[in-house]
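Those protein sequences? They're chains X and L, same order as listed.
Each residue of the first sequence is one higher than the one before, starting from 7 at the first, in the working numbering.
Each residue of the second sequence is one higher than the one before, starting from 45 at the first, in the working numbering.
Here's the structure, in structure tokens; my notes come after.
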Amino acid sequence: KAGVTQTPRYLIKTRGQQVTLSCSPISGHRSVSWYQQTPGQGLQFLFEYFSETQRNKGNFPGRFSGRQFSNSRSEMNVSTLELGDSALYLCASSFLTSNQETQYFGPGTRLLVL
Amino acid sequence: QQQVKQSPQSLIVQKGGISIINCAYENTAFDYFPWYQQFPGKGPALLIAIRPDVSEKKEGRFTISFNKSAKQFSLHIMDSQPGDSATYFCAAAAGAGNMLTFGGGTRLMVKP
């Protein structure tokens, strides 16, 4: 079974631009979560989607948004990019609907904002 | 506010030794405590997880010890191997959904 895939793997943008990252979960998984990883702040939860609905949201500004499609694929968007948005963005998927199931992480998208 | 504090930040252990990483949490609503292993260029991968109804869980060379009253939990890696060299993250979650709060990470180096 294929793992979580994220595209693109690397991205360079300039301040003020917007970016869209994509995540394809493991087949059959319905929950998709997004995390930001930086050397300074570590791993921080952005949001979780389940059945096309945002189920949980972390403490990030409204410039960060996401959505999930009917096939469970998810996208996250960052508008008006800032230098501090440079990070590794990780997507994780899980199967069951109950609490705290094992999350399987993708390799991430490394975003550099210049 | 850092809700999960992890120590040490880095750790060097000889091959065959025991690696110990500690985490402390503040939110008493946390009821799921996983440990993740991350190699460079890869996403984190679940190693082992525990819920507060048990004080210890062992899977192979990896053991989680959990102290609910002290709000602390730790990862022990027995017979550490050079292939265990990676960054380890503790995490915690509460209630419904998959919102993980991560510790700051520990970079482990196992010397041959």
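We treat Cβ as the ideally placed atom computed from N, Cα and C, and that holds for glycine.
Residues in its own chain within less than 7 Å of residue i by CB, not counting five upstream and five downstream?
{"i": "residue 34/X", "result": "101"}
{"i": "residue 66/X", "result": "52"}
{"i": "residue 123/L", "result": "60, 105"}
In chain L, which residues lie less than 9 Å from residue i when you measure between Cβ atoms?
{"i": "residue 111/X", "result": "80, 82, 86, 87, 88, 89, 90"}
{"i": "residue 114/X", "result": "85, 86, 87"}
{"i": "residue 39/X", "result": "141, 142, 143, 144"}
{"i": "residue 62/X", "result": "140, 141, 142, 143"}
Since residue i is in the beta strand (DSSP E), which residue starts that stretch and which ends it?
{"i": "residue 132/L", "result": "130-136"}
{"i": "residue 59/L", "result": "Residue 59/L -> no beta strand (DSSP E), and no H or E assigned at all."}
{"i": "residue 117/X", "result": "115-119"}
{"i": "residue 10/X", "result": "Premise fails: residue 10/X is in no beta strand (DSSP E) and is neither H nor E."}
{"i": "residue 153/L", "result": "150-155"}
{"i": "residue 73/X", "result": "70-74"}
{"i": "residue 76/L", "result": "Per DSSP, residue 76/L belongs to no beta strand (DSSP E) and is neither H nor E."}
{"i": "residue 17/X", "result": "16-19"}
{"i": "residue 50/L", "result": "48-51"}
{"i": "residue 82/X", "result": "80-84"}
Pull up the DSSP beta-bridge partners for residue i, would you.
{"i": "residue 37/X", "result": "56/X, 100/X"}
{"i": "residue 94/X", "result": "43/X, 116/X"}
{"i": "residue 2/L", "result": "A question about residue 2/L goes unanswered here, because the residues of chain L that appear run from 45 up to 156."}
{"i": "residue 89/L", "result": "81/L"}
{"i": "residue 32/X", "result": "According to DSSP, which records beta bridges pairwise, residue 32/X is partnered with nothing at all."}
{"i": "residue 48/X", "result": "44/X"}
Chain X partners of residue i, CB-CB under 8 Å?
{"i": "residue 149/L", "result": "48, 49"}
{"i": "residue 145/L", "result": "51"}
If residue i and residue j are in contact, beta carbons under 8 Å, what's the gap, nearest whole angstrom?
{"i": "residue 74/X", "j": "residue 25/X", "result": "Not confirmed; about 18 Å, so no contact."}
{"i": "residue 96/X", "j": "residue 72/X", "result": "Actually they do not touch by this definition, with Cβ atoms about 13 Å apart."}
{"i": "residue 110/L", "j": "residue 93/L", "result": "No, residue 110/L and residue 93/L are not in contact; Cβ-Cβ is about 11 Å, not under 8 Å."}
Residues in the same chain with beta-carbon distance under 6 Å from residue i, minus the five sequence neighbours each way, listed in chain order, please.
{"i": "residue 116/X", "result": "16, 94"}
Give me the chain X residues within the contact set of residue i, using Cβ-Cβ distance strictly less than 9 Å, ordered along the chain.
{"i": "residue 133/L", "result": "48, 49"}
Could you work out which residues of chain X lie near residue i, taking near to mean beta carbons separated by less than 7 Å?
{"i": "residue 71/L", "result": "Within 7 Å Cβ-Cβ: nothing; residue 71/L doesn't reach chain X, min ~13 Å."}
Which residues of chain L have a Cβ atom closer than 8 Å to the Cβ of residue i, listed in chain order?
{"i": "residue 96/X", "result": "87, 88"}
Residues in its own chain within less than 8 Å of residue i by CB, not counting five upstream and five downstream?
{"i": "residue 53/L", "result": "148, 149, 150, 151"}
{"i": "residue 75/L", "result": "95, 96, 137, 138, 139"}
Give me the chain L residues within the contact set of residue i, using Cβ-Cβ distance strictly less than 7 Å, ordered along the chain.
{"i": "residue 81/X", "result": "Under the 7 Å cutoff, chain L gives no residues; its nearest Cβ is about 17 Å from residue 81/X."}
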